[in-house]
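Participant: For any residue, its number in my numbering is found by taking its place in the sequence shown, counting from 1, and adding 32.
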Amino acid sequence: MRKLCVAALTVIALAGQVQAQQVGRAPLSVEVSSPPTALLALGRWQMVYEVRLVNFGAESMVLSQLDVLDSTGAVVGSWKDAQLAQRILKIGNTAPRTPQNLLEVLQLAPGQVNVAFLLVALQPGRMTPSTIHHRVITRTSGVTDTTMSRLVTTSASTVIRTVAPVAPGTWVALRGPSNSSGHRLSFVAQGGQSAIPQRYAVDWAMLGEDGRLFRGDSAKLENWYGYGTPVTAIARGRVVWVRDGMSERAPFGYSAPAQIEAADAVGNCIIVDLGGGQFATFAHLKPGSVRVKAGDQLSAGQVIGEVGNSGNSLAPHLHFHISNAPGVLAGEGLPFALETFELVGRVSSSAALLAGVPWVPNAAQPSRTVINETPLENMVVRFTR
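1. Take every Cβ of the stretch 353-372, pair it with every Cβ of the stretch 254-265, and state whether three or more of those distances are shorter than 8 Å.
2. Compute the Euclidean distance between the alpha carbons of Asp420 and Ala312, then round it to the nearest angstrom.
3. From Gln310 to Val94, what distance separates their C-alpha atoms?
4. Given Leu135, which residues of its chain have a CB within under 6 Å of its CB, disregarding the five upstream and five downstream residues?
5. Just to confirm, are Ala233 and Ala332 a CB contact at a threshold of 7 Å?
6. Are the stretch 269-288 and the stretch 241-254 touching by the rule of at least three beta carbon pairs closer than 8 Å?
7. Straight-line CA distance for Gln397 to Trp77?
8. Name the DSSP bridge partner or partners of Thr202?
9. When the distance is taken between beta carbons, is Trp273 closer than 7 Å to Ile303?
10. Based on the DSSP output, what are the partners of Tyr81 in its beta bridges?
11. Under 8 Å: do the stretch 102-113 and the stretch 163-171 share three or more Cβ pairs, one atom per stretch?
12. Which residues in the same chain have their Cβ closer than 6 Å to the Cβ of Leu74, if we skip the five residues on either side of it in sequence?
13. Go ahead and pull the three-state DSSP assignment for Gln53.
14. Applying the criterion that 16 or more other CB atoms from any shown protein chain within 10 Å of the CB defines a buried residue, is Phe88 buried or exposed?
15. Under a three-way DSSP split, which group does Asp113 fall into?
16. Looking at C-alpha atoms only, which residue of Phe314, Trp203, Val152 and Ser103 is the closest neighbour of Pro407?
17. Beta-carbon within less than 7 Å of Arg323's beta-carbon, same chain only, minus the 5 sequence neighbours each way: which residues are those?
18. Between which two residues does the alpha helix (DSSP H) carrying Leu386 extend?
19. Beta strand (DSSP E) containing Asp99: first to last residue?
20. Using the rule of at least 16 other Cβ atoms within 10 Å of the residue's Cβ for burial, across every protein chain shown, is Asp276 buried or exposed?
21. Exposed or buried, Met159, counting other C-beta atoms within 10 Å across all chains shown (16 or more means buried)?
22. Would you call the CB atoms of Ala58 and Thr172 closer than 7 Å?
23. Going by DSSP, what residues sit across from Gln139 in a beta bridge?
24. With DSSP run on the structure shown, which of helix, strand or coil describes Asn87?
25. Hey, His316 and Gly359: beta-carbon distance below 7 Å or not?
26. What are the boundary residues of the beta strand (DSSP E) that includes Asp305?
27. In whole angstroms, what is the alpha-carbon distance linking Ser65 and Ser382?
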């Protein structure tokens with residue numbers, strides 16, 4: 033099996049390019065390789081996709097503004113200077129981001145590829161536009177230029193509605209959908225192409241009544257509230273891939289290598305064909321807990337395994353995502369919507385939570401029932417069935 037580089041800064045294959053129409057003199061290509069998809073969260077549709085910005089010239093340029101426009105020319109998203117820099121990764125640059133070097137990612141050297149990670153929150157009540165295009169303002173040798181991209185068609189796929197993949201209880205959506213989570217920023221390059229299979233992934237970790245992830249000694253797997261709890265099918269589907277028997281490590285006893293086999297990264301894992309070109313991945317399962325085999329037909333809510341700590345996992349949790357390909361860490365990540373959950377709050381610091389600091393509900397933000405939406409990063413939700 034090929035080795036995958038699962039770091040966020042991976043040299044990427046430039047496939048399916050949307051070449052820019054040059055309005056000014058800037059030799060800039062604006063590329064959207066995967067049709068923009070959208071999720072519904074907090075009552076608003078939010079488009080999630082990436083724009084690759086390539087300098088085909090001989091001089092460096094500075095990115096100063098990026099706008100998203102609908103087919104009428106109305107601006108639906110706009111970022112400039114520091115706001116834009118916060119959304120950009122420079123391919124090949126692994127230096128830690130600091131306030132001092134933040135604006136450096138706006139420099140686009142000759143041949144350089146920068147990726148803008150966009151999450152466009154539309155106005156309440158507005159649906160996702162069927163087509164969009166982009167306006168990018170750059171500066172080269174003191175001259176300002178504007179590049180307009182061609183129209184990009186957004187995804188028309190229906191967002192799948194699912195039941196919870198975990199047992200009833202209170203759970204936190206660690207590294208859930210956002211514009212900055214490790215899942216969101218992780219390109220996977222294999223077969224000569226790059227994709228973001230974990231674009232909408234969630235690491236589900238269970239909270240106890242004390243607001244903590246574990247009781248007592250965090251180095252013991254059995255002390256984690258979610259460890260060994262049931263993992264359930266999210267919808268009807270057919271099992272297409274299973275791995276079981278991979279051993280676990282103690283919590284915090286794993287250091288991820290720069291490269292890792294895909295099957296080793298997900299640990300004990302189940303992949304389910306949901307139909308319509310959508311495939312669900314349930315990863316890091318407890319060894320010996322997998323209750324299904326390839327070819328099995330599943331029903332929504334059926335127990336298929338247990339939460340564990342196998343593979344590329346720091347502590348017990350269920351890694352869950354949906355993509356458009358059946359392979360391990362393959363294809364582009366797709367959105368999903370939970371049929372119902374109770375939104376009870378949000379964790380302000382996942383690092384503090386993992387260190388044992390309890391989450392405390394905010395009395396000023398009472399819990400509420402949510403229907404057919406997607407929980408975002410670090411949201412605390414309660415499932416009743």
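Where is the CB? At the ideal position from N, CA and C, for every residue including glycine.
Facilitator: According to the data block:
1. no
2. Limits of the chain in this structure are 33 at one end and 417 at the other, which puts residue 420 out of reach.
3. 39 Å
4. Ala117
5. no
6. yes
7. 22 Å
8. Leu239 and Arg414
9. Against a cut-off of 7 Å, the Cβ pair of Trp273 and Ile303 comes out as a contact.
10. Leu150
11. Contact between the stretch 102-113 and the stretch 163-171 is present, because at least three Cβ pairs lie under 8 Å.
12. none
13. Note that Gln53 scores 42 on pLDDT, short of 50, meaning its location in the model is unreliable; the coordinates nonetheless yield the value given after this. Strand.
14. Per the 10 Å Cβ criterion, exposed.
15. helix
16. Taking only the C-alpha atoms, the option nearest Pro407 is Trp203.
17. Val335, Ile336 and Gly337
18. Ser382 to Leu386
19. Met93 to Asp102
20. buried
21. exposed
22. yes
23. Val94
24. strand
25. no
26. Asn300 to Gly307
27. 31 Å
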